[in-house]
Amino acid sequence: MNKILLWVLIVLGILIVLAGGLFIFASSRVRFEKPAVYLYPLEDSIISVKLNIDGKITETIPKYGSGWSVFAEKDGLINHQYDYLFYEADLNSLKLPKTGWVVSYNDLSKWFDINLIKFGLNEKEKNQFKEYWLERLPKTNYYEVKILEEDFLKQNMELLISPEPDTLIRLNFYFKPLEQKINIQEPIINTPQRIGFTVVEWGGMVDN
């Protein structure tokens, strides 16, 4: 009887440890919010878009299934109703660049107005970015702002697009609320040229 009780306790202990490990793994995932993917083909055409995510896709509009196959018009309208493809994902890891910006919360709107255009967004994309993120970001004194590097995006949240775009602009931001201003080296902004079939993505995450 004592041996049976001992084995029951051992099994319960193992299950508790495994459950704890799963909880830690799940809670350590990085939630990327509202990556929006805009498509601007040279001619109205069918475009295939697939997501290669190191983690889990949690939401999509329109329905993703095994990938998007959509009708995109030259002006960017998708399936006669969407401005962009939408998804959210939990990533298994996060690697941040060393460079970035520190922006006063009260200056965020102005900072976005100036810099999002430099990063390659057009007015419509910039305004839709601001509409989401100015509402989403909690009030604080400052924000540390970083843009995830291309290598990280390719390894962890790759976009597979056919036909292949001539220009691909991906702006996935890291936002960290700060009480005090910190010093950080700012990167050089190289404004991309939107040539040929252009795909634009913006999204981000908040480090709480």
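Take the working numbering: the final residue in the sequence shown is number 241, and no numbers are missing along the way. Glycine residues also receive a C-beta, built at the ideal position from the N, C-alpha and C atoms. A quick note: this is a predicted structure, and the numbers were derived from the prediction, not measured.
Checklist entry - Distance, Cα to Cα, ASN189 vs TRP235? => result Against the sequence shown, residue 189 aligns to sequence position 156. Against the sequence shown, residue 235 aligns to sequence position 202. So the two alpha carbons sit approximately 15 Å from each other.
Checklist entry - Assuming ASN174 contacts TYR138 under a Cβ cut-off of 8 Å, what Cβ separation, rounded to an integer in Å, is found between them? => result The residue labelled residue 174 in the question sits at position 141 within the sequence shown. The residue labelled residue 138 in the question sits at position 105 within the sequence shown. About 6 Å; that satisfies the 8 Å criterion.
Checklist entry - Can ILE202 and VAL233 be called in contact, C-beta distance under 8 Å? => result What you label residue 202 is simply residue 169 of the sequence shown in a count that begins at 1. What you label residue 233 is simply residue 200 of the sequence shown in a count that begins at 1. Cβ atoms of ILE202 and VAL233: closer than 8 Å.
Checklist entry - Got a sec? Which residues, its chain only, sit under 6 Å from LYS179 by beta carbon, not counting five neighbours each side? => result For the purposes of this step, residue 179 is identified with residue 146 of the sequence shown, where counting begins at 1. LEU129, PRO130, GLY133 and TYR207.
Item to check | Complete alpha helix (DSSP H) runs within the region 159-205 (minimum length 4 residues, chain order) | outcome: Within the region 159-205, the complete alpha helix (DSSP H) segments at least 4 residues long are 183-189, listed from N- to C-terminus.
Next on the checklist: Run through the DSSP bridge pairs and tell me what LYS143 is partnered with.
Outcome noted: Position 110 of the sequence shown, counted from the start, is the residue given in the question as residue 143. LYS143 is not bridged to any residue.
Item to check | C-alpha gap between LYS89 and THR231, whole angstroms | outcome: As a first step, residue 89 must be located in the sequence shown, where it is residue number 56. As a first step, residue 231 must be located in the sequence shown, where it is residue number 198. Looking at the two C-alpha atoms, the distance is approximately 26 Å.
Checklist entry - Taking the alpha-carbon positions, what's the LYS151 to TRP144 distance? => result By one-based count along the sequence shown, residue 151 stands at place 118. By one-based count along the sequence shown, residue 144 stands at place 111. LYS151 and TRP144: Cα-Cα distance of roughly 11 Å.
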